[in-house]
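Asks: One structure is given below, represented as structure tokens, and several questions about it will come after.
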Ligand code: DLZ
């Protein structure tokens, strides 16, 4: 099955992100993978007009803690959107399933309770190679995809609230 390149985006369809501020919560588990995701997200934000000083990074121990990290960032900073970045790799036990479910439910709940969008940038792979391929490897970088989603969602949020 063909995998979409996660870094591909149509530059003309991206709203102007100048003046926007973004929070990025990064899990320390599988640190090389999440570093690649962060680099991809950071570059895509800057390439689209976001100032480096308007990108606020917070590290958390693992993907399960991304929800709390995002919640704290929303409460304590004035950002337009939050990107969560993690890498879960299937092990021998069910822990993977519980953490996947916990963080996806957590981020979904934040999206229904906060006034800013929270983007789900958690890789859920069977192998380390799959994670490498999606964090700056042959299938692109999910961090880039998340940055573009964050800009689009922040823009939609601003437009709808301005009309309110
Ligand atoms: C415990 C754990 C395991 C086994 N695997 C991963 C993983 O592949 N990726 C990840 O981001 N975090 C993992 N964790 C840590 C949990 O996310 C969490 O930090 C701990 O369960 C403590 O709440």
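In the numbering used here, the protein residues as written are 221 to 384.
The C-beta atom is built at its ideal place from N, Cα and C for all residues, glycine as well.
Keep in mind the model is a prediction, meaning the values are calculated, not measured.
Are the CB atoms of residue 237 and residue 278 within a distance shorter than 7 Å?
Replies: Against a cut-off of 7 Å, the Cβ pair of residue 237 and residue 278 comes out as no contact.
Asks: Just to confirm, does residue 308 get its C-beta within under 6 Å of one of the non-hydrogen atoms of the ligand DLZ?
Replies: yes
Asks: Indicate, with yes or no, if the ligand NAD has a heavy atom lying under 6 Å from the CB of residue 284.
Replies: No copy of the ligand NAD occurs in the structure displayed; its ligands are the ligand DLZ alone.
Asks: Going by DSSP in three states, residue 388 sits in which element: helix, strand or coil?
Replies: This structure cannot settle anything about residue 388, because the visible part of the chain is limited to 221 through 384.
Asks: Could you compute how far the alpha carbon of residue 304 sits from the alpha carbon of residue 376?
Replies: 19 Å
Asks: Kindly indicate which three-state DSSP category residue 462 falls into: helix, strand or coil?
Replies: What the structure shows of the chain is the stretch from 221 to 384, and residue 462 is not part of that stretch, so it cannot be assessed.
Asks: With residue 342 and residue 283 assumed to form a contact (beta carbons below 8 Å), what rounded beta-carbon distance in angstroms separates them?
Replies: 5 Å
Asks: With distances taken Cα to Cα, identify the nearest neighbour of residue 319 among 330, 329 and 306.
Replies: 306
Asks: Is the closest heavy atom of the ligand DLZ to the C-beta of residue 247 under 6 Å?
Replies: Yes, the ligand DLZ has a heavy atom inside 6 Å of this Cβ.
Asks: In the DSSP assignment, find the unbroken alpha helix (DSSP H) run with residue 311 in it and report its ends.
Replies: Counting along the chain, residue 311 falls outside any alpha helix (DSSP H), and DSSP gives it neither H nor E.
Asks: Please report how far the alpha carbon of residue 181 lies from the alpha carbon of residue 365, in whole angstroms.
Replies: In the structure displayed, the chain extends from 221 to 384; residue 181 sits before or after that span and is not available.
Asks: Nearest to residue 243 by CA position, among 291, 250, 253 and 255, is which residue?
Replies: The shortest CA-to-CA distance from residue 243 to any of 291, 250, 253 and 255 is the one to 291.
Asks: Based on the DSSP secondary-structure assignment, which residues constitute the bridge partners of residue 336?
Replies: According to DSSP, residue 336 bridges with nothing at all.
Asks: If you check the beta carbons only, do residue 253 and residue 351 fall under 7 Å apart?
Replies: yes
Asks: Taking 6 Å as the cut-off, does the CB of residue 319 come closer than this to any heavy atom belonging to the ligand DLZ?
Replies: yes
Asks: Verify whether the separation of the beta carbon atoms of residue 241 and residue 300 is less than 7 Å.
Replies: Contact flag set, yes.
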